[in-house]
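Enquirer: Counting from 1 along the sequence shown, just add 108 to a position and that's the residue number in the numbering used here. Quick one: structure below, then a few questions.
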Amino acid sequence: AVPEGLPTDPEARKYAENHGYKQQGTLTPAARCRGDAHAARIRAALDGSEGKGAPRTAQELSALLAGMGYAPQAADVYGSSAGDLSFVLSIPESGPCVTGRLTPPVSVQAHAVYVEGGCREPRGGH
Numbered sequence: 109a110v111p112e113g114l115p116t117d118p119e120a121r122k123y124a125e126n127h128g129y130k131q132q133g134t135l136t137p138a139a140r141c142r143g144d145a146h147a148a149r150i151r152a153a154l155d156g157s158e159g160k161g162a163p164r165t166a167q168e169l170s171a172l173l174a175g176m177g178y179a180p181q182a183a184d185v186y187g188s189s190a191g192d193l194s195f196v197l198s199i200p201e202s203g204p205c206v207t208g209r210l211t212p213p214v215s216v217q218a219h220a221v222y223v224e225g226g227c228r229e230p231r232g233g234h
């Protein structure tokens, strides 16, 4: 018998099982609303609409998030050697996570924590 929620195709089932670590919890409607509001606020700041350019370094992105009230310990900012900037943060006391990527197209989205814990997508597999 196939457990409920898993694909019936054996290969798809293996893929789903091997990628189960990437599953997220579920946001309540209130948490989704709060998370989406934070994501929109951050996205607007990243657009540089206040006469400032968008952050170009991890330090600039960290400073922007800190200036918006997101504590450094709540935010995980990282960049790659290619200049790609990303961040993951946990919204204190409200639960949702907000993840963003500054490479075009800019993406900022709210989501629940991963089943294995934390806001950053786990690496690896089982």
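Beta carbons: idealized from backbone N, C-alpha and C, even for Gly. Because the structure is a prediction, the values reported are computed rather than measured.
Is the beta carbon of Leu154 sitting closer than 8 Å to the one on Ala166?
Expert: Position 46 of the sequence shown, counting from 1, holds the residue named residue 154. Position 58 of the sequence shown, counting from 1, holds the residue named residue 166. The answer is no: Cβ separation not under 8 Å.
Enquirer: If we ignore side chains and look at the alpha-carbon of each, how far apart do Tyr222 and Pro230 end up?
Expert: Within the sequence shown, the letter at position 114 stands for residue 222. Within the sequence shown, the letter at position 122 stands for residue 230. For Tyr222 and Pro230, the distance between alpha carbons rounds to 8 Å.
Enquirer: Suppose you measure from the CA of Gly143 to the CA of Glu119; what does that come to, to the nearest Å?
Expert: For the purposes of this step, residue 143 is taken as the residue at position 35 of the sequence shown. For the purposes of this step, residue 119 is taken as the residue at position 11 of the sequence shown. Separation of Gly143 and Glu119 (C-alpha to C-alpha, rounded to the nearest whole angstrom) is 35 Å.
Enquirer: Assuming Leu197 contacts Leu173 (C-beta within less than 8 Å), just tell me the rounded distance between them.
Expert: Taking the first residue of the sequence shown as 1, we reach residue 197 at position 89. Taking the first residue of the sequence shown as 1, we reach residue 173 at position 65. 7 Å between Cβ atoms; contact.
Enquirer: So Arg140 is in the alpha helix (DSSP H); what residue range does that whole segment cover?
Expert: In the sequence shown, residue 140 corresponds to position 32, counting from 1. From DSSP, the alpha helix (DSSP H) with Arg140 extends over 137-154.
Enquirer: Quick check on Ser170: does DSSP put it in helix, strand or coil?
Expert: Looking up residue 170 in the sequence shown gives position 62. Looking at Ser170 - three-state DSSP - the assignment turns out to be helix.
Enquirer: If you draw a straight line from the alpha carbon of Asp192 to that of Val185, how long is it in whole angstroms?
Expert: Position 84 of the sequence shown, counted from the start, is the residue given in the question as residue 192. Position 77 of the sequence shown, counted from the start, is the residue given in the question as residue 185. When only Cα atoms are considered, Asp192 and Val185 end up about 11 Å apart.
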